[in-house]
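Engineer:
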Amino acid sequence: MTVRVSRTFEFDAPPADVWAFISDAEQRAGAISVVDSFEVHDDRTATWHVALPIPMIRSTIDVETEEVARDPPNRVKFVGKSRAFRVTGEHEITETDDGGCRLANEFVVDGSLPGVESFFKRNFDAELDNLEDALRASLASPA
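With the working numbering, letter number 132 in the sequence shown gets 304, and the count goes up by one each step, no holes.
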C-alpha cells in the first residue's frame with residue numbers, strides 16, 4: 173500500500189520568502205517531528221535519522237535524501253530512501269493575485285516494513301501541520 177497526501181497552504185508573503193524556507197533541507201527536516209536528527213551533506217543531499225514509534229523498528233532509521241528537481245523559486249522535489257520506506261516530497265509555490273502565494277505539498281510513502289505505511293497514514297496530517305506551523309513562524313520572524 174502506498175500512502176499519498178496532498179495539502180495546500182496560503183500565505184500573505186511573497187513567494188521568495190516561502191521559497192527560502194521550503195528549499196532549505198535543514199528547515200524541512202527540522203519541521204518533521206519524527207526526524208530525530210539530520211546532517212546536510214551539500215545543497216542537494218542530506219541524511220535524516222527518523223524515529224518511528226512502531227514495533228518493527230527499535231532504533232532510528234537513516235533516510236538518505238536527495239533533491240531530484242529544483243526550479244527556484246517555484247518547485248523543489250526530494251526523494252528519501254531507507255530500509256524501511258521510500259518517501260517522495262514535492263513543494264510547488266505559485267504567486268496569487270493579491271501578492272501572496274500558495275504552497276502545494278505532496279508526499280508519497282512506500283513502506284517496506286510492516287507498520288510504516290499505517291503510521292504515516294495516521295500521522296501525515298499532523299506532520300503537515302508541523303510543516304505549516306514552522307513555515308508560518310519563519311515568515312513571522314524578522315530576517
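Cβ coordinates follow ideal geometry from the N, Cα and C atoms, glycine included. Here the structure is a predicted model, which is why all the values come from computation and not from measurement.
#1: Rounded to whole angstroms, what's the CA-CA distance from A306 to I194? Just pull it up for me.
#2: Whole-angstrom Cβ separation of V222 and V206, contact assumed at under 8 Å?
#3: I'd like the list of long-range same chain contacts for R179, defined as Cβ closer than 6 Å, with 5 residues on each side in sequence excluded.
#4: For the region 234-242 against the region 209-226, are there 3 or more C-beta pairs whose distance is under 8 Å?
#5: Give the DSSP-derived three-state secondary structure of V248 in the structure shown.
#6: Rounded to a whole number of angstroms, what is the C-alpha to C-alpha distance between I226 and D196?
#7: Would you list the residues sitting across from K293 in a DSSP beta bridge?
Structural biologist: According to the data block:
#1: Working through the sequence shown from its first residue, we reach residue 306 at position 134. Working through the sequence shown from its first residue, we reach residue 194 at position 22. Rounded to whole angstroms, A306 to I194 spans 10 Å at the Cα level.
#2: Your numbering for residue 222 matches position 50 in the sequence shown. Your numbering for residue 206 matches position 34 in the sequence shown. Indeed, because the Cβ distance is near 5 Å, the residues count as touching under 8 Å.
#3: Translated into positions along the sequence shown, residue 179 becomes position 7. Once the five neighbours on either side are set aside, the close Cβ partners of R179 are N277 and L300.
#4: yes
#5: Mapped onto the sequence shown, residue 248 falls at position 76. Of the three classes helix, strand and coil, the one that applies to V248 here is strand, per DSSP.
#6: Within the sequence shown, numbered from 1, the residue matching residue 226 stands at position 54. Within the sequence shown, numbered from 1, the residue matching residue 196 stands at position 24. Cα to Cα, the separation comes out at about 29 Å.
#7: Your numbering for residue 293 matches position 121 in the sequence shown. K293 is not bridged to any residue.
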